[in-house]
Amino acid sequence: MADNPYGPVTMSDSSHLTDDDWELSLPPIKYRSYPGADKIKSLCNELRDRHTTFTLATTGVCVLFLITMVVITLAVGYNTKRLPADFQLKWHHNYRGLEFYPVPEDKSILIYFAPNDFITSVSHPIRQSLDSVLGNYSTVQQLNETVYTNCNATYSPMDKTCRVSRTMFGDSCTSSRNYGYGGGQPCVFIQLNLPDGVTIRPITKESPLWEAARAVVENVSDPSFLPFTCDGTTQGDRDILTSVDGYGPHGERIMYFPKQGLMSYIYRERKPTHPFLKPGVMVQFTSLVSGHTVRITCTAWGQLYDAENRIIDHTLLSTYFALYVNHE
């Protein structure tokens, strides 16, 4: 192997470097150091580190936002999939007819609840709604003997307010027992509103409602009460209600308090200046199935009369709502 004709370049040789094209000597190579170079380098490193940290933080926030949106979307989709799409009706005050409580938060006719949420929330909207309407029936509110009196089928003076005791609406449907919602057996309170001058009595053969009501009313033994019933609105709803055993004392799936129905004798001619406690029925449903919406129709089987004791032509007094329990 031939020897390398070129010797190593040393610092002293740098002063004799030449341009090959022009054979001109090149100036010596010199190195200069700047006092701020280290500071500039440190600043660049710091900016780079800050940029990296900012990038990571921004990425984390974006990922968290995306996860949150996915969870919300899934939750909405979960509920939408299970809730009915045909609920266009809204809860409204009925001046002549039945109305139910609790009033749903969205003012719809769907009473939606999760038992666990109801137990952990002291001020649950369902409890507040029922507490509000039932507070008028407390014993303390009816102590004044000059205003209130005990009425019955033969005694209901027009210048007094007939007492309606809170105890009539069942021991299992109280605020202290979560109105049954904590155990998935909800209680719904239903009142009958009638305008002044209108009374109600049991349906008789002379009533235009007789044929529609005959199967329910012809065996009623106590005419001082109006029969009151609730059931699934459609056959599908009734199938859901009967698909599991009821938890009533005797296996009842639907229980009524008072069992006889509405006290008809309280709807009599009375002074409008006096307070009026509207009779009501507490209805408890003990066979709901989690994740299934059940439409309910409740009916008060009575005939309306005007102030002249004439029959008022009307349809059956009914109210319509739905129940949905979510045990998940």
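Okay, so the sequence shown: first residue is -13 according to our numbering, each after it adds one. Using N, Cα and C, we set each Cβ at its ideal position, and we do this for glycine too.
So who's on the other strand from residue i, going by DSSP bridges?
i: N138; result: Y141
i: L309; result: I97 and V280
i: T285; result: T215 and S304
i: G83; result: N179
i: Y291; result: T185 and I297
i: V174; result: V269
i: C148; result: T135
Between the options, which lies nearest to residue i when the distance is taken from Cα to Cα?
i: T219; options: L212, L227 and L84; result: L227
i: V108; options: L120, Y167 and A139; result: Y167
i: P181; options: Y306, A293 and D299; result: A293
i: F214; options: I189, D231, P101 and H260; result: I189
i: P258; options: N295, I186 and T147; result: T147
i: R254; options: A100, N138 and K93; result: N138
i: R296; options: L263, S250, T305 and S193; result: S193
i: C284; options: M268, Y291 and H278; result: M268
i: T279; options: Y98, Y81 and K76; result: Y98
i: E91; options: Y81, P101 and H110; result: H110
i: I252; options: T140, Y306 and Y81; result: T140
i: L120; options: R281, Y291 and L263; result: L263
i: Y291; options: Q246, Q221, S250 and D231; result: S250
i: N122; options: R113, R149, G83 and L248; result: R149
i: V126; options: S151, P265 and F211; result: S151
i: E85; options: L212, Q177, T132 and L248; result: Q177
Apart from the five residues on each side of it in sequence, which residues of its chain come closer than 8 Å, Cβ to Cβ, to residue i?
i: Q171; result: S158, Y233, Q270, F271, T272 and L274
i: I105; result: N164 and G168
i: L116; result: Y87, P88, S161, Y165, C173 and F175
i: A308; result: P70, F73, I95, L96, I97, T279, V280, R281 and I282
With 7 Å as the threshold, decide whether the Cβ of residue i is near any Cβ in chain C.
i: D208; result: No chain C is part of this structure, which consists of one protein chain only.
Distance check for residue j and residue i, CA to CA, integer angstroms please.
i: Y310; j: D208; result: 34 Å
i: N164; j: G156; result: 13 Å
i: I298; j: G288; result: 11 Å
i: V174; j: D145; result: 31 Å
i: H300; j: T185; result: 13 Å
i: T305; j: Y81; result: 13 Å
i: H79; j: K191; result: 31 Å
i: N102; j: R113; result: 14 Å
i: H236; j: H260; result: 41 Å
i: D231; j: M241; result: 13 Å
Might you give, ordered along the chain, the residues of its own chain that have their beta carbon closer than 7 Å to the beta carbon of residue i, omitting 5 neighbours on each side?
i: L195; result: I189, Q289 and L302
i: K93; result: K76 and W77
Report all residues from its chain with a CB closer than 6 Å to the CB of residue i; omit the five preceding and five following residues, and keep chain order.
i: H313; result: S276
i: V202; result: P213 and W287
> Along the chain, which unbroken stretches of the beta strand (DSSP E) at least 3 residues long are found entirely within the segment 192 to 279?
Replying inline: 214 to 218, 240 to 243 and 266 to 271
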